[in-house]
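Student: Okay, here's the structure, questions in a sec.
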Amino acid sequence: MFGESPSTTSPTSPQRSAKGYFKCGSCSKSYVRADHLIRHVRSHTREKPYVCHICNKGFARPDLMKRHAAGHENPDEGKRKRPPSYPKNGRVSQACAACAKSKLKCDEEKPCKRCREKGFTCDWPDGGNDASPSPVQGSHTDQPNDSLDDGLEQPSLSPFNPGEEAEMLDVIDPADLESPVAIDPYLPATGTNPLPDDGLSMTYGAQTISPAMDHDSGIFSVDGTFFPNFIPDSLIPSLARHDMDTSTNLPHDYIHDVFDHNVNFDFDLTDVDFGLIDFFNTRGIAEAPDRSDADSGIALGAEAYRRSSLSNWTPAHEDHAYAHQGDLSVPKSIDSPEANMRPERHILSERLSPGSRDLIFGMVLQTNTKATTTRIMKSFPSTELLDSLIQDYFEFQNCHIDSWIHGPTFQPNDQNPDMLAAVAAAGAIRSPIPTIRKLGFALMEVARLQLSSKYENDNSTTRDLRASQTFALSLDIGIWSGNGRRTEIAESFQQPLITMLRRSLRFRRSAYSTILPSVDDSPESLERKWRTWAEQESFKRLAHHLFLHDAQSAMMLNATPILSYAELELPFPAIRALWDAQSADEWRDIYLRTGTGPGRLPSLVDTLHNMSELSSFSGCIDSQLSIFILLHGLSALINEYHRLKFISKGSSKHWNALVISSRQQELSQVISFFRMVYHELADTPSPQILLVYEMISMFLYMSLEELQLFAGKEDKKEARRVYQSALEWINSIDSRRALWHAGQVLRAAKAMPPGSLTGFFAVGVYYASLAFWSYSVVYRAKNAKKPAGSPPEGHYGGRWPTVFLDGDDSTDVQKFISLGCGCPALQGPRSPVLVADPNQTMALARGVLRAEASHDALPPLVQSLCQLMGDLGNAARSSAVGSV
């Protein structure tokens, strides 16, 4: 083997290829030298790490960058010259048959020197004994080239504009040239030349290059930029796929002809280069999808986001706090005693009086503009309507896990008008009547403006419980309003309220004392203890409510929470029975019956350290609410994991990928342990807690930010940027884990009580549908380029069992998650809905949100989410039609 001469052993032979220690993870080509692999990999990644410090133009090789930069310093010397039309350095334009076969240099004589010495017959390819060598292709002569096909006009130098042929040379990397087969200056122009004689060859001096192209990989621009196939033509500046002239259209195998060769070439390796080798030796580059499928889906997805409330809000001149004051007036057909007065419903101990209604009306007039004063005075809501809205809010709070305003001690006629307006607004926004919902948002604006002036006029208000509760109500209404302006204002004003409670030590244990009732207490003393305990417990629940609000809004807005889980050292809220006690006597009896003592109750920090604390104190704390708070603390840890994973992508010099993977496994174990602890504490698991549990479990295995960007939340450019990450995600086990939890989110949502699937719970259903949508769209795009009639990859081939992701766990489910064996589906109203159909999965999720209610009866946020899911489903359906 070692005795063979280089002339008889091709560098691309199997013997040579088998020795390559550095293998490309995409096309399986192997190289002996690492720098050759790096240069080859850059043909896939389009990476140009060497940038000119003057004009910021990127280059794949340092020598090209240095030569380019020298052109800035010496413009005359830096200009590239047109390749000469005559052979240089002893190269000839045509070789005899014997020299061409041996790939050796041939003289410009007949017979040549080698044939004379060896005694060979010196035959020229044209068969003529007296013919001179043919002129070089592309040379500036009037002599036609007989090797060209009839009827095709050959360009003088290249299929590109004059002067650009030198620029095109940058595309060809000499270090990737393994064999002289494709580009060999010693081959004759005809006869033994292996290049396709299609009339489309480019010639540089004596070098004949086939400008072929691999349409599966992409195209080259005239400036040397490589564009993957899913990038649309509109984004390619210099070369369009479909608008090229026939004479300049590139044949099919250009990229592989150019990049499948290996020549020794010195190259400086960097740490980034070695990281690139590791990456591509372990993970291949996925195939680019057909643009008609992926790109059209992205385009329609971006348009869908622009029409939704989740898009970025752009303020206009008419957007201000007084824009909807006309909604403070209610028509008589809605505001009537018959419609609002229900004597049988008695949530609070007293009803709103006409005097309290007048106080609210006076506050409205103080913040009102003159243009709408007359209209508001004629039809401002009646006492019965306002009282009904206040009762509605406390009725809803009694059924909710997170109850944080103490109803038994709430006397409406003793409260400030801003507090009454905020509570009425919180009840109004849940109404199925659009006019009442608009009234609620208008009342919220009035209360917010009034609260601002109250804080400025008296700074002691920052420590007042009712003022803080009013502030928190305005944040709740704004963040889940489904309106961009109100959402942004609520997001902006979370920090002041958190700061007020932080400065008053409401997140610390020291701010709360132990209050114990006794059978010897007098009625006055017991009443005083009860009200003092209720105020302290209200502060405690308000602090935890703000933590929940901050965590939920961070998940909806994909932002970092403001309030850290490590700050919540205050004890968990007391048992719900104590909180719901209607009198001081009832409160004392429950306290003594449950045996709640003066012991140290656990906090969120304690339970994050050891979740078993919940089981030990289950009879002393509100178990459901404590579990809910702990679950949101885990969501903050998952948020931190994704932030760390984002900065450690690729070959980071500071972060270890093994640490990131270990962190995910650790969080997965913690989530599983949480589920066991919760099922031990709860005989009947709450669907609200199960929905949030499955939601944050889903977040552990998918990047919410990247999936939203791929769906079009910002623009097409960002969607294409994260496409490769989305493709890697569906090829991993994490995507199937996320799909399983997304199906369980829909299962929990179906079990929610009527009318409770709003706000954060509705957002959870949307995120679950987005996981299905992204998975199916990327999967179909990946399989769109397969030959007609060939079965798709993986579990959509039709030979696997149907796996219901919103059903019970089973062996088939575990096979699907671990091995990808199974056809994932959801339980539809009449038949299974395959995850492969994004339009049907979106329709199913919309049906869960609507739950037999009309569109106008749904809250604005739910309406917007349903509209967005419908538009994304139509985008996927349109892209599928376009690819047929």
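Numbering (UniProt numbering), first residue to last: 1 to 884. We treat Cβ as the ideally placed atom computed from N, Cα and C, and that holds for glycine.
1. Please report the Cβ distance between residue 443 and residue 424, rounded to the nearest whole angstrom; I am assuming they are in contact, meaning their Cβ atoms lie under 8 Å.
2. Considering only C-alpha positions, which residue in the set 482, 543, 489 is nearest to residue 506?
3. Note down, in chain order, each residue of its chain lying with its Cβ closer than 8 Å to the Cβ of residue 822, except the 5 sequence neighbours on either side.
4. Looking only at C-alpha atoms, which of 590, 441, 629 sits nearest to residue 322?
5. Evaluate contact between the stretch 411 to 423 and the stretch 352 to 369, counting only Cβ atoms and requiring at least three cross-stretch pairs below 8 Å.
6. Taking only three categories from DSSP, how would you classify residue 369?
7. For the alpha helix (DSSP H) containing residue 526, list its first residue and its last residue.
8. Nearest-angstrom Cα distance between residue 397 and residue 374?
9. What residue range is occupied by the uninterrupted alpha helix (DSSP H) comprising residue 824?
10. Roughly how many angstroms separate the alpha carbons of residue 749 and residue 561, rounded to a whole number?
11. Along the beta strand (DSSP E) that carries residue 330, what are the first and last residues, could you check?
12. Since residue 774 contacts residue 841 with CB under 8 Å, what's their CB separation in whole angstroms?
13. CB-CB under 7 Å to residue 24, same chain, minus the five flanking residues each way: which ones, in chain order?
14. Count the other CB atoms within 10 Å of the CB of residue 595; is the residue buried (16 or more) or exposed (fewer)?
15. Does the stretch 713 to 730 come close enough to the stretch 689 to 698 to have 3 or more Cβ pairs within less than 8 Å?
16. With respect to 8 Å, is the separation between the Cβ of residue 673 and the closest non-hydrogen atom of the ligand MG below this value?
17. Going by CA-CA distance only, name the one from 635, 818, 366, 644 that's closest to residue 563.
18. Could you give the uninterrupted runs of the alpha helix (DSSP H) lying entirely in the stretch 621 to 647, keeping only those of 4 residues or more?
19. Helix or strand or just coil, what does DSSP make of residue 914?
20. If we count Cβ pairs, one from each stretch, closer than 8 Å, do we get three or more for the stretch 527 to 539 versus the stretch 616 to 630?
21. Tell whether a beta-carbon distance below 9 Å holds between residue 869 and residue 766.
22. Verify whether the separation of the beta carbon atoms of residue 348 and residue 401 is less than 9 Å.
23. Can you name, in chain order, every residue of its own chain whose Cβ lies under 8 Å from the Cβ of residue 246, other than the five neighbours on each side?
24. Pull up the DSSP beta-bridge partners for residue 22, would you.
25. Are there 16 or more other CB atoms within 10 angstroms of the CB of residue 872, so buried, or fewer, so exposed?
26. Would you please verify whether the beta carbon of residue 25 is less than 9 Å from any beta carbon of chain C?
27. Are the Cβ atoms of residue 604 and residue 630 separated by less than 9 Å?
28. Taking all protein chains shown into account, do 16 or more other C-beta atoms lie within 10 angstroms of the C-beta of residue 647, making it buried, or fewer, making it exposed?
29. Which class does residue 59 belong to by DSSP, given the choice of helix, strand or coil?
30. So if DSSP puts residue 834 in a beta bridge, which residue, or which two residues, is it bridged to?
31. Starting from residue 409, trace the beta strand (DSSP E) both ways and give me its first and last residue.
32. Per DSSP, residue 574 is paired with what?
33. Around the Cβ of residue 676, are there at least 16 other Cβ atoms within 10 angstroms (buried) or fewer (exposed)?
34. Taking 9 Å as the cut-off, decide whether the C-beta atoms of residue 479 and residue 470 are in contact.
35. What is the rounded straight-line gap between the Cα of residue 686 and the Cα of residue 572?
36. Rounded to a whole number of angstroms, what is the C-alpha to C-alpha distance between residue 552 and residue 632?
Tutor: This is what the structure holds:
1. 6 Å
2. 543
3. 795, 800, 801, 802, 803, 812, 813, 815, 816
4. 441
5. yes
6. coil
7. 523 to 557
8. 35 Å
9. Counting along the chain, residue 824 falls outside any alpha helix (DSSP H), though it belongs to the beta strand (DSSP E) covering 823 to 827.
10. 25 Å
11. Run containing residue 330: none; DSSP gives neither H nor E here.
12. Actually they are not in contact, since the Cβ atoms of residue 774 and residue 841 sit about 11 Å apart, beyond 8 Å.
13. 37, 40, 41, 280
14. exposed
15. no
16. As far as ligands go, the structure on display features none, and thus does not contain the ligand MG.
17. 635
18. 623 to 647
19. Residue 914 is absent from the model: the chain starts at 1 and stops at 884.
20. no
21. yes
22. no
23. Confidence in residue 246 is poor, its pLDDT being 36 and thus under 50, which makes the residue's placement unreliable; the coordinate value appears in the next sentence. Around residue 246: no qualifying Cβ.
24. 31
25. buried
26. Here chain C cannot be found, since the structure has a single protein chain.
27. yes
28. exposed
29. strand
30. 825
31. Residue 409 -> no beta strand (DSSP E), and no H or E assigned at all.
32. 621
33. exposed
34. no
35. 19 Å
36. 8 Å
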